[in-house]
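Engineer:
In the working numbering, the protein residues as written are 55 to 210.
#1: With distances taken between CB atoms, is the gap from residue 116 to residue 64 smaller than 9 Å?
#2: Shortest alpha-carbon distance to residue 198 belongs to which of 153, 104, 173, 135?
#3: Which of the three DSSP states, helix, strand or coil, is assigned to residue 127?
#4: Would residue 96 pass as a contact of residue 170 if the rule is Cβ separation under 9 Å?
#5: Could you tell me which of 78, 182, 161 sits nearest to residue 127, measuring between CA atoms?
#6: Take the Cβ of residue 93 as the centre, count every other Cβ of all protein chains shown within 10 Å, and call the residue buried at 16 or more, exposed below.
#7: Can you check whether the CB of residue 143 is closer than 9 Å to the CB of residue 118?
#8: Identify, in the order they occur along the chain, each residue of the same chain with its Cβ nearer than 6 Å to the Cβ of residue 155, setting aside the five sequence neighbours on each side.
#9: Does the CB of residue 55 have a neighbour CB from chain C at under 9 Å?
#10: Among 181, 157, 175, 167, which residue has its Cα nearest to the Cα of residue 60?
#11: Using only the alpha-carbon positions, how far apart do residue 178 and residue 90 sit?
#12: If you count every other CB in all the chains shown that lies within 10 Å of the CB of residue 163, and 16 or more means buried, which is it?
#13: According to the neighbour-count rule (16 or more other Cβ atoms, all chains shown, within 10 Å of its Cβ), is residue 122 buried or exposed?
#14: My parser needs the alpha helix (DSSP H) runs of 4 or more residues fully inside the region 72 to 158; what are they?
#15: Our contact map puts residue 108 next to residue 132 with C-beta atoms below 8 Å; I'd like the distance itself, whole angstroms only.
#16: For residue 212, which residues in the same chain have their Cβ closer than 6 Å to its Cβ, ignoring the five residues on either side in sequence?
See the structure below:
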């Protein structure tokens, strides 16, 4: 699988650990930055990773920061992205099974490195259940399509 990674300084160490793990499993990685522990603003790196998924260049993305909250918000600004913040196995599994999340947000200050690795593996292996969940995603997509036109034409 081709996976984009993005983080700010607060998620950098986990990004590097996840990159190594995923490469070792044969995944192709696009690293959208950051490239150090030097303080930086997350939107640039997170949006770049989310855009790789939205464009079809990558199948999924994983974004990291201190809490993962800002990263989830930033990724969800990109049209077509469904980014979920996970902090345990159930939230990671349900983000795929029920929400078909194509981006996963994690907080380096919130969970252990081992937990982050376990959540990523579970998230990558979980399939979308479709069924009743498909209708809900269609509603979200319909709203997104309708209102993206409003934003472009300044109707909101």
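All C-beta atoms, glycine included, are put in the ideal place defined by N, C-alpha and C.
Structural biologist: Here's the rundown:
#1: Against a cut-off of 9 Å, the Cβ pair of residue 64 and residue 116 comes out as no contact.
#2: It is 135.
#3: Residue state, collapsed to three classes: helix.
#4: By the CB criterion at 9 Å, residue 96 and residue 170 fall outside the cutoff.
#5: Looking from the CA of residue 127, the closest CA among 78, 182, 161 belongs to 161.
#6: Residue 93 is exposed by the Cβ-count criterion.
#7: In this structure, residue 143 does not lie closer than 9 Å to residue 118 by Cβ.
#8: 136, 138, 149.
#9: You won't find chain C in this structure, because it holds only one protein chain.
#10: Closest by C-alpha distance to residue 60, out of 181, 157, 175, 167, is 157.
#11: Residue 178 and residue 90: Cα-Cα distance of roughly 26 Å.
#12: By the 10 Å Cβ count, residue 163 comes out exposed.
#13: A residue is called buried once 16 or more other Cβ atoms fall within 10 Å of its Cβ, and residue 122 is buried on that count.
#14: With a minimum length of 4 residues, the continuous alpha helix (DSSP H) runs that stay inside the region 72 to 158 are 97 to 108, 123 to 129, 143 to 151.
#15: Your pair residue 108 and residue 132 checks out as a contact, with CB atoms roughly 5 Å apart and the cut at 8 Å.
#16: Given that the chain is displayed from residue 55 to residue 210, the structure contains no residue 212 and the question cannot be resolved.
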